[in-house]
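In the working numbering, the protein residues as written are 1 to 200.
Step one of this worksheet: look at the structure below.
What follows is the structure, given as structure tokens:
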């Protein structure tokens, strides 16, 4: 049982990573990963909503009629996003302003609704929490990796700490929208290369 629960937790990290494998939630992924701290903050906010929504939906699934299942899930997710939004606005106003519209957009993030529909509505509370936590951590790691690469190449810093001398000229394209597409493409291509090499 413990081994099975560990595999549920690790599933979202590697085998079904929301960004690098399932290619879900690409709107916030590409929009918020201009720096490592932005990507990590967006990932943590989404992970909190994902874990809590899986918990609540797993608890109340028996009381939700099948016909209104999806609207009910969205109501639960929207309530949690509102809480996260208020907490960020109160305690991290600077980050809240940077992430802006992407915070309320967590409501319609297909990762959150997808895990609620495919897992939390069909499994027990602990397993659902582990699934949400695994997918949330996987999403956070993916956003932090992409944000780190884009920040290093596009700004010459990492977590706002300068890495290169002032004379170094960064490739600004990496902190622009095309840089997001390029970075995720190269990361996925590298991941596929490693997978093929392992299978050979």
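Here a beta-carbon is modelled for each residue, glycine too, at the ideal position from N, C-alpha and C.
Problem - Under the three-state DSSP convention, the category residue 171 falls into - result: Sequence index remark: in the chain shown, residue 171 carries index 171 (1-based). DSSP, reduced to helix, strand and coil, places residue 171 outside both helices and strands of the structure shown, so it counts as coil.
Practice task
Kindly list the residues whose CB is nearer than 8 angstroms to the CB of residue 150, restricted to its own chain and excluding five residues on each side of it in sequence; keep chain order.
Solution key: Working through the chain shown from its first residue, we reach residue 150 at position 150. So the list reads 33, 34, 35, 174, 175, 179, 180 and 183, once near-sequence residues are dropped.
Problem - residue 42 versus residue 147 - alpha carbon distance - result: Along the chain shown, read from residue 1 onward, the residue named residue 42 stands at position 42. Along the chain shown, read from residue 1 onward, the residue named residue 147 stands at position 147. So the two alpha carbons sit approximately 11 angstroms from each other.
Problem - First and last residue of the uninterrupted alpha helix (DSSP H) at residue 66 - result: Mapped onto the chain shown, residue 66 falls at position 66. Careful: residue 66 lies outside any alpha helix (DSSP H) and carries neither H nor E.
Exercise for the section: Between the Cα of residue 109 and those of 193, 117 and 27, spot the shortest distance and give me the residue it belongs to. Expected result: The residue you call residue 109 lines up with position 109 of the chain shown. The residue from 193, 117 and 27 with its alpha-carbon nearest to that of residue 109 is 27.
Exercise for the section: Could you tell me whether the Cβ atoms of residue 120 and residue 67 are closer together than 9 angstroms? Expected result: For the purposes of this step, residue 120 is taken as residue 120 along the chain shown, with counting starting at 1. For the purposes of this step, residue 67 is taken as residue 67 along the chain shown, with counting starting at 1. Contact: no.
Practice task
With DSSP as the reference, label residue 60 as helix, strand or coil.
Solution key: The count along the chain shown starts at 1 and reaches residue 60 at position 60. Reduced to three states, the DSSP call for residue 60 is helix.
Handout entry: Delimiting residues of the alpha helix (DSSP H) encompassing residue 32
Key = Mapped onto the chain shown, residue 32 falls at position 32. Membership of residue 32 in the alpha helix (DSSP H) is indicated by the continuous run 26–32.
Practice task
Closer than 7 angstroms by C-beta to residue 138: which residues in its own chain qualify, once you throw out the five before and the five after it? Chain order, please.
Solution key: For the purposes of this step, residue 138 is taken as the residue at position 138 of the chain shown. Apart from the 5 residues on each side of it in sequence, residue 138 sits with its Cβ closer than 7 angstroms to the Cβ of 12, 13, 17 and 18 in its chain, given in chain order.
Exercise for the section: Leaving out five residues on either side along the sequence, give the residues of the same chain with a beta carbon under 7 angstroms from the beta carbon of residue 73. Expected result: Walking along the chain shown from the start, residue 73 turns up at place 73. The answer, listed in chain order, is 57, 113, 116 and 117.
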